[in-house]
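Visitor:
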Amino acid sequence: MIVRRFVIFALLLTSFGLMAASPIIAIEEAYERGDISLDESILNKVYALLEPELLDPRFQSDDISIMKCGTPILIEYELVQNQLDANTINTIESLLNPETNALRDTYYSPGGHFMFTYVTSGTDGVPSAGSDVSGVPDFVEWAGQYLDFTWAQEVDSAGFAGPNHVNGDGYYNVSFESMGAYGYCTTSSVDGSELTRLVLNNDFIGFGSNQDPEGNVKGAMKVTCAHEFKHASQRSHSSWSEGGWVELDAAWAEEFVYDYVNDSMLNFMGSGDPYSHPHWGLDHGTSGTGSYEDYAWEDFLHQRFDDNDYQSAPIIEDFWSWRETHTSQNVMESYAQALVNAGSSMQEAFGEYVVWNFFTGSRAVMVAGESQFGYDEAGVSGYPTAVLAATHSSYPVTSSVSGIENLGAKMIRLNTTGEIGLEISFDGQDGVEMSAMWAVRQDNNTVEWGSIELDENNAGSEVIDVRNATYAALIPVITQTTGSSYSANYTIEPDALAECEPGDINDDNNLDVSDLVRLVAIILGNGEAPNDVELCAGDVNGDDDTTVQDVVSLVDIILN
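Heads up: the sequence shown begins at -1 in my numbering, then just goes up one per residue.
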């Protein structure tokens, strides 16, 4: 079972975005049918990564797309290595460690952490052009610069684990290779006890476009350095015990280190991500994990709980520190623990996460090119817009949604032209951990949002003020981490909002001490929850909030 589970995990990691045409899918399907052995499966996956011309003809394609990362294939290889034939292992090791009869050149990064070995001719040769007198190709010097910066950000600044330097040459080893991927991190033939080494693509030509002002080649190299080095860090933390989640985290690292490149956003969203399929769970698929296309989850955690600080990432670092001693724990439980440590919970955080995801792309709240709500890049060119399950423009309306997976949501837009208030009556599926989020985009480019208070049967109602709204949203979200295909019913009716006299809390046409007592109770949260009239009357000073200042104003009115 463990073999099958990780084989499926490797399949899922390679079935999105630019990897859609990968022979990995055909190899996995053949293995599941029993047409090929485990040895043939692993060997052909490595061929797909490193030597596509050696692929079994059944898996060859005229259009082999570039893989984001070869590491999942090599994680799987490491996991099942003790079950493989010696000839298979020897073949794979020879591909991972090609003969170096030709003298390889060496370059040490200025930061003193990395040793690069490279050639400038042959299949694995890097571009030889150099713009200075060092004699080192610019391409190699770029890699040194980018990995030094990555180390400074991920290890020195954020506190993630770095690879060991002991019992070897004192440097973390990096090389370049012609391959069908951006790069990979491997445990094969490491130096001393550094656990892993990195291999980068030898030219980064033919990759998808990105938004690096220095061009696609440099942009692809930058995010590969951040991504693959994060794999090395993960290995040091918890020995890659997270399955496919390691790719979600490594893709997030691209944003943390080189946020302006946006390679994963442009090339690996659009299929299976929380925008194209918001009703799919974060761990959608038979692998039960997130992957590249789900990196927005960690981006949300970092921006929401770490103030989007590009020097530190406490909640993500806390997650990895926890994983060091909880390698067998379900990964979503580890995220939940990190959220508890941050003063939140999975239910609260995931509810806010889907609200952030609603306001992206064409619905991003932007002023002068700056995002006013949610992700800092919510409105950047190419950021996806979440698909809507429904749009309502006239009321009353009664409808339903279904097919929501665990850790998934349905996005419902509510057009508000001509409306004063909208009353949402929600009835979710019984026995499910669920939230009903609402949000209002105001005309002044702000967003108000919250959740409907639900009873034990997931039923509840909320009146939202839409007098100054551009539009609103209702977002049913399943916050539990297991299960699939949940549903909810809802009715939305016009509401004129409560009419009241400011200060007349008990609506008896008199302003006296009884109103003052009830106002204080509302502010302190004592007694029954306030009704609409009480909330309206409690805003004595008309500032759209109910605070101690309203008590002061009501006292002045009563005394005068």
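Glycine included, each C-beta is placed from N, C-alpha and C at the ideal position. All values derive from a computational prediction rather than experimental measurement.
Quick check on F14: does DSSP put it in helix, strand or coil?
Guide: In the sequence shown, counting from the first residue as 1, residue 14 sits at position 16. Because F14 sits at a pLDDT of 33, beneath the cut-off of 50, its placement in the model cannot be relied upon, and the following sentence gives the value as read from the coordinates. Here F14 sits in coil by DSSP.
Visitor: Going by beta-carbon coordinates alone, are G419 and W436 separated by less than 8 Å?
Guide: As a position in the sequence shown, residue 419 is number 421, starting the count at 1. As a position in the sequence shown, residue 436 is number 438, starting the count at 1. Result no, Cβ atoms of G419 and W436 do not sit closer than 8 Å.
Visitor: Reducing DSSP to helix, strand and coil, say where S551 ends up.
Guide: Locating residue 551 in the sequence shown gives position 553, where the first residue counts as 1. Helix at S551.
Visitor: Exposed or buried, N355, counting other C-beta atoms within 10 Å across all chains shown (16 or more means buried)?
Guide: Numbered from its first residue, the sequence shown carries residue 355 at position 357. That one is buried.
Visitor: So for V461, helix, strand or coil by DSSP?
Guide: Here the question's residue 461 lines up with position 463 in the sequence shown. Three-state result, V461: strand.
Visitor: Going by other Cβ atoms of all chains shown within 10 Å of its Cβ, with 16 needed for buried, is S551 buried or exposed?
Guide: Numbered from 1 along the sequence shown, position 553 holds the residue referred to as residue 551. With 16 or more other Cβ atoms within 10 Å, it is buried.
Visitor: Among N539, I402, T414 and D513, which one has its Cα closest to the Cα of V475?
Guide: Numbered from 1 along the sequence shown, position 477 holds the residue referred to as residue 475. The shortest C-alpha separation from V475 is found at I402.
Visitor: For the pair the stretch 402 to 418 and the stretch 379 to 394, tell me if three or more CB-CB distances fall below 8 Å.
Guide: yes
Visitor: Are V549 and L522 closer than 8 Å when you measure CB to CB?
Guide: For the purposes of this step, residue 549 is identified with residue 551 of the sequence shown, where counting begins at 1. For the purposes of this step, residue 522 is identified with residue 524 of the sequence shown, where counting begins at 1. In this structure, L522 does not lie closer than 8 Å to V549 by Cβ.
Visitor: Tell me which same chain residues have a C-beta within less than 6 Å of the C-beta of H277, skipping the five on either side of it?
Guide: The residue labelled residue 277 in the question sits at position 279 within the sequence shown. Around H277: G401, I402, G406 and K408.
Visitor: Is DSSP giving L115 helix, strand or coil here?
Guide: Here residue 115 is taken as the residue at index 117 of the sequence shown, counted from 1. Per the sequence shown, residue 115 should be read as Thr rather than Leu. Looking at T115 - three-state DSSP - the assignment turns out to be strand.
Visitor: Would the stretch 265 to 282 count as touching the stretch 291 to 308 if we require 3 or more Cβ pairs under 8 Å?
Guide: yes
Visitor: Could you please give me the residues that DSSP links to T396 through a beta bridge?
Guide: Position 398 of the sequence shown holds residue 396. According to DSSP, T396 bridges with T489.
Visitor: Tell me the residue span of the alpha helix (DSSP H) that contains V438.
Guide: Start at 1 with the first residue of the sequence shown, and residue 438 comes out as number 440. Taken as a continuous stretch (DSSP letters only), V438 belongs to no alpha helix (DSSP H), being part of the beta strand (DSSP E) at M432 to Q440.
Visitor: Specify, as a first and last residue, the run of the beta strand (DSSP E) that N171 falls within.
Guide: Taking the sequence shown and counting its residues from 1, one reaches residue 171 at position 173. From DSSP, the beta strand (DSSP E) with N171 extends over Y170 to E175.
Visitor: Could you please give me the residues that DSSP links to G372 through a beta bridge?
Guide: For the purposes of this step, residue 372 is taken as residue 374 along the sequence shown, with counting starting at 1. Per DSSP, none; premise fails for G372.
Visitor: Determine the closest residue to M65 out of A84, G133 and G178, with distance taken between C-alpha atoms.
Guide: Start at 1 with the first residue of the sequence shown, and residue 65 comes out as number 67. With distances taken between Cα atoms, M65 lies closest to G178.
Visitor: Do D261 and G217 come within 8 Å of each other at the CB atom, strictly closer than that value?
Guide: Residue numbering aside, residue 217 sits at position 219 when the sequence shown is read from its first letter. Residue numbering aside, residue 261 sits at position 263 when the sequence shown is read from its first letter. Going by C-beta atoms, G217 is nearer than 8 Å to D261.
Visitor: Suppose the cutoff is 6 Å on Cβ atoms and the five residues either side in sequence are ignored; what does the same chain contact list for I40 look like?
Guide: Taking the first residue of the sequence shown as 1, we reach residue 40 at position 42. Around I40: Y75.
Visitor: On the criterion of 16 or more Cβ atoms from any shown chain inside 10 Å, does P108 qualify as buried, or is it exposed?
Guide: Along the sequence shown, one-based indexing puts residue 108 at 110. Classification of P108: exposed, given that the 10 Å Cβ count is below 16.
Visitor: In terms of alpha-carbon separation, which member of S319, N442 and D297 lies closest to M231?
Guide: Mapped onto the sequence shown, residue 231 falls at position 233. It is worth fixing the name first, because residue 231 is Ser in this sequence and not Met. Checked all of S319, N442 and D297; the closest Cα to S231 is S319.
Visitor: Distance check for E532 and V538, CA to CA, integer angstroms please.
Guide: Mapped onto the sequence shown, residue 538 falls at position 540. Mapped onto the sequence shown, residue 532 falls at position 534. Taking the straight line from one Cα to the other gives about 11 Å.
Visitor: Taking the alpha carbon of S477 as the point to measure from, which residue in Q370, A384, N507 and E346 has its own alpha carbon closest?
Guide: Indexing the sequence shown from 1 puts residue 477 at position 479. Checking the sequence, you will find Thr at residue 477 rather than Ser. Comparing Cα positions, the closest option is E346.
Visitor: When you compare only the Cα positions, how much space is there between S132 and D103?
Guide: Locating residue 132 in the sequence shown gives position 134, where the first residue counts as 1. Locating residue 103 in the sequence shown gives position 105, where the first residue counts as 1. Rounded to the nearest angstrom, the two C-alpha atoms are 13 Å apart.
Visitor: DSSP three-state label for C534, please.
Guide: Taking the first residue of the sequence shown as 1, we reach residue 534 at position 536. Three-state result, C534: helix.
Visitor: In this structure, does DSSP put S319 in helix, strand or coil?
Guide: Your numbering for residue 319 matches position 321 in the sequence shown. Reduced to three states, the DSSP call for S319 is helix.
Visitor: If you measure between the beta carbons of Y488 and S423, is that distance less than 8 Å?
Guide: In the sequence shown, counting from the first residue as 1, residue 488 sits at position 490. In the sequence shown, counting from the first residue as 1, residue 423 sits at position 425. The beta carbons of Y488 and S423 sit closer together than 8 Å.
Visitor: Contact defined as beta carbons within less than 8 Å: I believe W243 pairs with V329. What is the distance between those atoms, to the nearest angstrom?
Guide: Here residue 243 corresponds to residue number 245 of the sequence shown, with the count starting at 1. Here residue 329 corresponds to residue number 331 of the sequence shown, with the count starting at 1. Correct: roughly 5 Å between the Cβ atoms.
Visitor: Quick check on H300: does DSSP put it in helix, strand or coil?
Guide: Indexing the sequence shown from 1 puts residue 300 at position 302. If DSSP states are grouped into helix, strand and coil, H300 belongs with the helices.
Visitor: Could you tell me whether the Cβ atoms of W250 and E296 are closer together than 8 Å?
Guide: Walking along the sequence shown from the start, residue 250 turns up at place 252. Walking along the sequence shown from the start, residue 296 turns up at place 298. Against a cut-off of 8 Å, the Cβ pair of E296 and W250 comes out as a contact.
Visitor: For F254, which of helix, strand or coil comes out of DSSP?
Guide: Within the sequence shown, the letter at position 256 stands for residue 254. Three-state result, F254: helix.
Visitor: Taking C-alpha atoms, which residue in T479, V464, T480 and E51 lies nearest to T493?
Guide: Residue 493 sits at position 495 when you count from the first residue of the sequence shown. It should be noted that the sequence gives Asp, not Thr, for residue 493. Closest option to D493, Cα to Cα, is V464.
Visitor: Measuring straight from C-alpha to C-alpha, what distance separates K220 and E497?
Guide: In the sequence shown, the residue the question calls residue 220 occupies position 222. In the sequence shown, the residue the question calls residue 497 occupies position 499. If you take the alpha carbons of K220 and E497, they lie about 59 Å apart.
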